[in-house]
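Novice:
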Amino acid sequence: MYSEKVMDHFKNPRNVGEIENASGVGTVGNAKCGDIMRIFLDIDEDGIIQDVKFKTFGCGAAVATSSMATELVKGKTIQEALQVTNKAVMEALDGLPPVKVHCSLLAEEAIHAALWDYAEKNGIQIEGLEKPKNDISEEEEEEDY
Amino acid sequence: MKKMIYLDNAATTRTAPEVVETMLPYFSEFYGNASTVYEFGQKSKEAISKARETIAGAIGAKENEIYFTGGGSESDNWALKATAEAYKSKGRHIITSKIEHHAILHTCEWLEQNGFEVTYLDVDEFGVVKLEELKKAIRPDTILISIMFANNEIGTIEPVAEIGKIAKEHGILFHTDAVQAFGQVPIQVDELNIDMLSASAHKLNGPKGVGLLYIRKGIKIRSFVHGGAQERKRRAGTENVPGIVGFGKAVELALASMQERTQKECELRDYLMERVLREIPFTRVNGDRTNRLPNNVNLCFQFVEGESLLIMLDMKGICGSSGSACTSGSLDPSHVLLAIGLPHEIAHGSLRLTLGSDTTREDMDTVVEAMKEIVTQLREMSPLYEDYMKKNF
Numbered sequence: 004m005y006s007e008k009v010m011d012h013f014k015n016p017r018n019v020g021e022i023e024n025a026s027g028v029g030t031v032g033n034a035k036c037g038d039i040m041r042i043f044l045d046i047d048e049d050g051i052i053q054d055v056k057f058k059t060f061g062c063g064a065a066v067a068t069s070s071m072a073t074e075l076v077k078g079k080t081i082q083e084a085l086q087v088t089n090k091a092v093m094e095a096l097d098g099l100p101p102v103k104v105h106c107s108l109l110a111e112e113a114i115h116a117a118l119w120d121y122a123e124k125n126g127i128q129i130e131g132l133e134k135p136k137n138d139i140s141e142e143e144e145e146e147d148y
Numbered sequence: 004m005k006k007m008i009y010l011d012n013a014a015t016t017r018t019a020p021e022v023v024e025t026m027l028p029y030f031s032e033f034y035g036n037a038s039t040v041y042e043f044g045q046k047s048k049e050a051i052s053k054a055r056e057t058i059a060g061a062i063g064a065k066e067n068e069i070y071f072t073g074g075g076s077e078s079d080n081w082a083l084k085a086t087a088e089a090y091k092s093k094g095r096h097i098i099t100s101k102i103e104h105h106a107i108l109h110t111c112e113w114l115e116q117n118g119f120e121v122t123y124l125d126v127d128e129f130g131v132v133k134l135e136e137l138k139k140a141i142r143p144d145t146i147l148i149s150i151m152f153a154n155n156e157i158g159t160i161e162p163v164a165e166i167g168k169i170a171k172e173h174g175i176l177f178h179t180d181a182v183q184a185f186g187q188v189p190i191q192v193d194e195l196n197i198d199m200l201s202a203s204a205h206k207l208n209g210p211k212g213v214g215l216l217y218i219r220k221g222i223k224i225r226s227f228v229h230g231g232a233q234e235r236k237r238r239a240g241t242e243n244v245p246g247i248v249g250f251g252k253a254v255e256l257a258l259a260s261m262q263e264r265t266q267k268e269c270e271l272r273d274y275l276m277e278r279v280l281r282e283i284p285f286t287r288v289n290g291d292r293t294n295r296l297p298n299n300v301n302l303c304f305q306f307v308e309g310e311s312l313l314i315m316l317d318m319k320g321i322c323g324s325s326g327s328a329c330t331s332g333s334l335d336p337s338h339v340l341l342a343i344g345l346p347h348e349i350a351h352g353s354l355r356l357t358l359g360s361d362t363t364r365e366d367m368d369t370v371v372e373a374m375k376e377i378v379t380q381l382r383e384m385s386p387l388y389e390d391y392m393k394k395n396f
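Residue numbers (my numbering), protein chains in the order written: chain A, 4 to 148; chain B, 4 to 396.
(1) Please go through the same chain and pick out, in chain order, the residues whose beta-carbon is closer than 6 Å to the beta-carbon of F13(A), but skip the five residues on each side of it.
(2) Report the option in E277(B), C303(B) and A50(B) whose CA atom is closest to the CA atom of S324(B).
(3) Output needed in chain order: residues of the region 367 to 390 of chain B with a Cβ under 7 Å from some Cβ in chain A.
(4) From A117(A), I129(A), E130(A) and G126(A), pick the residue whose C-alpha is nearest to that of I42(A); which is it?
(5) With 8 Å as the threshold, decide whether the Cβ of G27(A) is near any Cβ in chain B.
(6) Applying the 10 Å Cβ sphere with the 16-neighbour rule, what's the burial state of A232(B)?
(7) What residues of chain A sit near H109(B), judged by a beta carbon separation below 8 Å?
(8) According to a CB-to-CB cut-off of less than 9 Å, which residues of the region 285 to 317 of chain B neighbour chain A?
(9) Would you kindly check if the distance between the Cβ of G20(A) and the Cβ of G37(A) is under 8 Å?
(10) Please classify I127(A) as buried or exposed, where buried requires at least 16 neighbouring CB atoms within 10 angstroms.
(11) For the alpha helix (DSSP H) that contains C111(B), what are its first and last residues?
(12) Rounded to a whole number of angstroms, what is the C-alpha to C-alpha distance between D144(B) and K93(B)?
(13) Which residue's Cα is closest to the Cα of N196(B): G209(B), G186(B), A164(B) and G212(B)?
(14) Decide if the region 185 to 194 of chain B is in contact with the region 42 to 53 of chain B; the criterion is three or more beta carbon pairs, one per stretch, under 8 Å apart.
(15) Mind the definition here: the region 349 to 358 of chain B touches the region 22 to 30 of chain A only if three or more C-beta pairs lie below 8 Å; say whether that holds.
(16) What did DSSP end up calling M199(B) once you bin it into helix, strand or coil?
(17) Restricting to runs no shorter than 3 residues, where is the beta strand (DSSP E) found entirely within the region 39 to 119 of chain A?
(18) Within the continuous alpha helix (DSSP H) that includes Y90(B), where are the two ends?
(19) Check whether the Cβ of H351(B) lies closer than 8 Å to any Cβ atom in chain A.
(20) S324(B) touches chain A at which residues, Cβ-Cβ below 9 Å?
(21) Would I157(B) and G344(B) qualify as a contact pair, given that the criterion is a beta-carbon distance under 8 Å?
(22) For the region 149 to 176 of chain B, list every residue whose C-beta sits within 8 Å of some C-beta in chain A, in sequence order.
(23) Looking at the C-beta of S327(B), does it have a partner C-beta in chain A at a distance below 8 Å?
(24) The region 20 to 50 of chain A: which residues have C-beta closer than 8 Å to a C-beta of chain B, in chain order?
(25) Using a Cβ-Cβ cut-off of 8 Å, state whether M392(B) counts as contacting chain A.
(26) Would you mind reading off the limits of the alpha helix (DSSP H) that contains L340(B)?
(27) Determine whether the beta carbon atoms of M384(B) and K58(A) lie at a separation below 8 Å.
(28) DSSP puts N301(B) in a beta bridge; with which residues?
(29) Can the beta-carbon of S360(B) be found less than 8 Å from the beta-carbon of R264(B)?
(30) Contact defined as beta carbons within less than 8 Å: I believe S107(A) pairs with N89(A). What is the distance between those atoms, to the nearest angstrom?
(31) What is the C-beta distance between V8(B) and T369(B), in whole angstroms, given that I count them as a contact (C-beta under 8 Å)?
(32) Would I62(B) pass as a contact of Y274(B) if the rule is Cβ separation under 8 Å?
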């Protein structure tokens, strides 16, 4: 079902964990549909992503895309990180089964959410970055029960 | 290759070697069509009769009440659609439950699109159909009650005797999907007032592709597959002779071993559930603790997603299944887990392990150790676990 690369990133996920006092943290997804991704970014004064960590609740594809996404943005500038699309993550993983494509969207959104958080904390605007829509909130969680 | 621990016997079972042996002559040696006149074809006919006799005896039915089909799903489809067709002049209302197999639920949805009304009964937190609700749901135009004998996901055994009694009192037909229960618990159709019953061979160490529908004498439902005069003109198509022979043998074996086998399975099942609950925090058992199929264990591990759990178990040679969305092919977790009241995020972390006759205590120990390791690893990676721990500790 999964490519060897996906299995590799699932079995040995890169950059799992958290960053204390991270420059930006983004959480996207929803426990209801079974996927939550949280990405921590450590960004230096020059706008370079020095370190990145993630935590994910989700299926094999969700874990692998989180892992790959962190690899793709590490050491990059903010503008370069914005270019890491779900397509790029998928290609780097040698593809995903069709039903799992939404997982790769989540990885892109998680990076955007972390960058948005960074921008807000620093009172800056990042060109080309829109407010992430998938941020989970407590109210949304409770709504349907 | 490391030893495989197969714990998905509710999905399918290994065809028993004795069953295969019994089937083999009916492929290349006695391959005659049972509908023919010559002696050679009669060999096939006799073999079918023998299997039918064994199976009828197993559930206390008459031989001419057993109809072989292509499997459990076909039997369910036939029972519901043909009953609806045959009894629509009496009424167009059917009662079922929210936790049925999709072979029932999707057939009911189809019937709803074709002018029938269906009531889907709620179940309690253990997955047991509420009898009071059943009584309230009955209307003058109710023609059929279809409630499963035991649930395929959480193993809960339904109060079939009570349901049969209620159905009989109201003059309503009662069908039960016994695909998971047949061979695991004793079933007597007369005692339980069952009018129709679906079963499948491959769930009890028989071959795939053969099932049956028991239809009580006097019920006038018609053929679902049109064609030749096979199965007393009620199910056309040249009989799957090797399959039927294998089904018969599997039932014979299952019946003979039932008491001993299920007692052993119950012990292992309870041992596994107790160890997991004791040794892995934030874990729950789904379904009724005692009133459940002897081979069914269904657990939820909070903060963990089911598919990840399955892949990691598979890496250790352990086969199980999950009710998480990612394994169901939709965005929603199992309808059964939602029906017993689990919130989505907990239902996503479910794991079903179904034991077989060859499961050992050592297997259970290996599985517990594997799960401890895997669940810890996945929780360390889980933002839900992180949030919970920060909030509470």
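For glycine and all other residues, C-beta sits at the position ideal for the given N, C-alpha and C. Remember, it's a predicted structure, so these values are computed and weren't measured experimentally.
Specialist: Once the coordinates are examined:
(1) Taken in chain order, the residues that qualify are G63, V66 and A67.
(2) Taking only the C-alpha atoms, the option nearest S324(B) is C303(B).
(3) Against chain A - using a Cβ distance shorter than 7 Å - the residues of the region 367 to 390 of chain B are M384, S385, P386, L387 and E389.
(4) Scanning A117(A), I129(A), E130(A) and G126(A) for the CA closest to the CA of I42(A) turns up A117(A).
(5) By this cut-off, G27(A) is not an interface position.
(6) Burial is judged here by how many other beta carbons sit within 10 angstroms of a residue's own beta carbon; A232(B) has fewer than 16 and is exposed.
(7) Taking a Cβ-Cβ cut-off of 8 Å, H109(B) has no neighbours in chain A, whose nearest Cβ is about 19 Å from it.
(8) Result list: F306, V307, E308, G309, E310, S311, L313, I314 and M315.
(9) Contact: no.
(10) Burial call: exposed.
(11) That run of the alpha helix (DSSP H) goes H105 to Q116.
(12) Distance between the alpha carbons of D144(B) and K93(B): 6 Å.
(13) Nearest to N196(B) by alpha-carbon distance, out of G209(B), G186(B), A164(B) and G212(B), is A164(B).
(14) With the cut-off at 8 Å, the region 185 to 194 of chain B and the region 42 to 53 of chain B do not touch.
(15) Between the region 349 to 358 of chain B and the region 22 to 30 of chain A, the count of Cβ pairs shorter than 8 Å is below three; the stretches do not touch.
(16) The answer is strand: DSSP assigns M199(B) an E or B state.
(17) Listed in chain order, they are 52 to 60.
(18) For Y90(B), the enclosing alpha helix (DSSP H) stretches over residues G75 to Y90.
(19) Closer than 8 Å to some Cβ of chain A, the Cβ of H351(B) qualifies, so yes.
(20) For S324(B), there are no C-beta contacts with chain A under 9 Å, since the nearest C-beta of that chain is about 14 Å from it.
(21) No.
(22) Listed by position, the residues of the region 149 to 176 of chain B near chain A (Cβ gap below 8 Å) amount to none.
(23) Interface residue, yes.
(24) The residues in question are E21, T30, A34, K35, C36, G37, D38, I39, M40 and R41.
(25) Closer than 8 Å: no.
(26) Residues H338 to A342.
(27) The answer is yes: Cβ separation under 8 Å.
(28) Paired residue(s): R355(B).
(29) Cβ distance < 8 Å, so S360(B) and R264(B) count as in contact.
(30) Yes, they are in contact, since the Cβ atoms of S107(A) and N89(A) sit about 4 Å apart, within 8 Å.
(31) The identity of residue 8(B) in the sequence shown is Ile, whereas the question assumes Val. Contact between I8(B) and T369(B) holds, since their C-beta atoms are separated by about 6 Å, short of 8 Å.
(32) Contact annotation: I62(B) and Y274(B) have beta-carbon atoms that are not nearer than 8 Å.
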